[in-house]
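Structure record follows, encoded as structure tokens.
In full-length UniProt numbering, the protein residues as written are 1 to 533.
Here it is in structure tokens:
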């Protein structure tokens with residue numbers, strides 16, 4: 001396996017390839033203290049080098065120069081009229097500039113929400129939002145969902161290439177052998193409340209998992225543990241990295257299944273080694289007392305397709321959190337738990353549930369026109385439509401819709417599906433939504449499939465987290481090998497009070513803040529009984 005890993009590891013040179021990264025410009029609101037307003041001017045193209053300039057009301061200008069014969073010399077020329085200083089900033093491959101160049105002008109780039117900021121170069125996944133394209137390592141997501149398996153896709157994401165038959169067999173064997181949990185971990189899971197949220201149980205267990213492997217913790221073994229290893233042979237680093245990958249991929253479905261069984265008060269099932277990844281997961285969820293229980297293979301395959309399309313999606317909130325945490329050289333278990341915390345948020349991992357609530361509120365197809373009007377009048381929100389990246393139909397949504405048909409053929413149609421199909425038809429033909437390029441995203445049908453499969457709504461984020469760990473681990477490996485990575489330390493634009501003197505508590509007036517009454521906002525029955533008032 002060491003030969004397999006070392007031969008497929010990414011090289012530092014791969015970070016010189018950039019895909020679909022937008023140019024990082026200074027937004028006007030970041031320059032308010034300079035009084036700058038930005039206007040765009042584009043000159044006509046000629047045989048000479050083209051020049052695009054952006055001028056401000058106080059004379060600062062940006063000039064973008066590019067020739068067709070020497071694109072490597074493309075740059076921005078920036079002049080600050082306040083100081084007269086001029087700097088040139090190279091435009092790198094992928095139409096990107098390094099914002100650190102503005103430090104010499106004593107300027108920072110303000111970009112709340114990272115709307116136009118690339119935090120890394122990556123070769124893992126590619127998205128073309130205008131054309132509705134998603135690729136893993138160059139492979140179309142549609143082809144992978146149809147022909148591949150989840151563990152094969154995980155191998156592709158982490159190693160950069162598809163495995164041959166022997167490599168895949170060895171990979172599957174290693175992951176399967178690490179699917180058992182330590183008895184202390186099982187005991188830990190049993191200590192949660194009977195009604196604890198499954199996502200909280202899973203995230204906590206992943207973080208706790210790191211305490212079982214002292215040899216895997218850079219805080220105990222040194223910050224360069226995953227860069228240099230403990231020995232002189234470079235292969236030791238690969239072995240150390242991949243042992244954690246096997247553990248996380250292997251144990252996570254088991255932890256998630258235990259959390260599910262804990263909620264319904266049933267004993268935990270141990271994993272088996274004669275089923276595939278999703279089949280084994282369904283076995284641990286549903287086996288009662290049967291000695292030869294086997295999940296329905298069609299349903300196992302349907303779940304596998306859903307996990308393939310959820311395995312990776314470029315630099316989203318949780319993936320950025322994973323990279324942020326990893327930059328401190330924390331162990332992968334803590335980083336995965338932190339990324340899972342980001343995924344736990346309702347704006348990220350809870351969108352499927354929001355779609356179901358919306359469809360339930362609509363109630364019937366006859367109520368859709370009224371609901372659409374309420375959306376246009378901003379009285380209601382259309383959940384499951386639109387995406388930060390995609391300005392066309394989300395390619396994953398098409399796959400989920402196909403999977404839904406496969407599941408419904410076995411389990412029967414979910415009643416809400418008729419409402420969803422009609423809502424999609426009306427919205428896609430309505431100029432209001434077409435002009436705004438609002439199309440169904442992956443969450444629109446995913447919740448319906450999970451509901452048909454019998455999963456409770458609060459378990460949906462867990463079904464999102466399990467496959468996404470493969471993508472997070474790919475980013476972990478890539479960030480370790482990126483020579484440009486430093487510990488993340490974003491800047492801020494300070495807007496508070498400049499300076500004031502400390503006043504002794506007996507001489508202060510009551511604090512006049514929006515939180516001033518927070519201490520009295522909630523009084524428990526016990527506090528009332530103990531009160532002297």
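C-beta: ideal position from N, C-alpha, C; glycine also.
Where do the N-terminal and C-terminal ends of the beta strand (DSSP E) with residue i fall, by residue?
i	result
residue 135	133-136
residue 104	No beta strand (DSSP E) contains residue 104, which DSSP labels as neither H nor E.
residue 127	125-128
Excluding the 5 residues flanking residue i on each side, which residues of the same chain have their C-beta closer than 6 Å to its C-beta?
i	result
residue 351	443
residue 322	335, 339, 472 and 475
residue 491	108
residue 190	none
residue 437	391
residue 382	375
residue 216	244 and 331
residue 225	218
residue 488	324 and 327
Considering residue i, what are the terminal residues of the alpha helix (DSSP H) in which it resides?
i	result
residue 173	165-177
residue 469	460-481
residue 289	From DSSP, residue 289 is part of no alpha helix (DSSP H); its letter is neither H nor E.
residue 308	297-309
residue 424	416-428
residue 540	Residue 540 falls outside the range modelled here, since the chain spans only 1 to 533, and no answer is possible.
residue 352	351-362
residue 203	198-209
residue 228	225-228
residue 434	431-435
residue 183	183-190
Short of 7 Å in beta carbon distance, which residues of its chain neighbour residue i, apart from the five on each side in sequence? Order them along the chain.
i	result
residue 535	This structure leaves residue 535 out entirely; the chain is present only between 1 and 533.
residue 371	362 and 380
residue 281	253 and 257
residue 450	352, 460 and 463
residue 188	205 and 208
residue 135	125, 126 and 141
residue 485	327 and 479
residue 104	87
Do we get a CB-CB distance below 7 Å when we pair residue i with the residues of chain C?
i	result
residue 222	Reference to chain C is not applicable here, since this structure consists of a single protein chain.
Does DSSP put residue i in a helix, a strand or coil?
i	result
residue 82	coil
residue 140	strand
residue 314	coil
residue 217	coil
residue 503	coil
residue 119	coil
residue 88	strand
residue 156	helix
residue 409	helix
residue 75	strand
residue 335	helix
residue 452	helix
residue 281	helix
Nearest to residue i by CA position, among the options, is which residue?
i	options	result
residue 115	465, 499 and 389	389
residue 255	310, 204, 296 and 126	204
residue 328	250, 493, 90 and 219	219
residue 102	79, 217, 93 and 113	79
residue 403	422, 314, 132 and 142	142
residue 211	331, 505, 113 and 161	331
residue 319	87, 416, 120 and 104	120
residue 439	347, 384 and 269	384
residue 132	396, 454 and 477	396
residue 122	524, 497, 496 and 481	481
residue 175	347, 288, 246 and 292	246
residue 85	333, 106 and 100	106
residue 276	144, 297 and 290	297
Which residues in the same chain as residue i place their Cβ atom closer than 8 Å to its Cβ, once the five residues preceding and following it in sequence are excluded?
i	result
residue 470	150, 153, 154, 157, 158, 249, 311 and 312
residue 274	none
residue 356	416, 447, 448, 451 and 457
Measuring only the C-alpha atoms, how far is residue i from residue j?
i	j	result
residue 326	residue 160	20 Å
residue 278	residue 456	18 Å
residue 467	residue 237	25 Å
residue 137	residue 511	56 Å
residue 367	residue 406	28 Å
residue 515	residue 172	54 Å
residue 509	residue 264	54 Å
residue 528	residue 506	28 Å
residue 434	residue 503	59 Å
residue 401	residue 76	45 Å
residue 303	residue 295	11 Å
residue 193	residue 269	19 Å
residue 421	residue 427	10 Å
residue 94	residue 501	49 Å
residue 441	residue 477	29 Å
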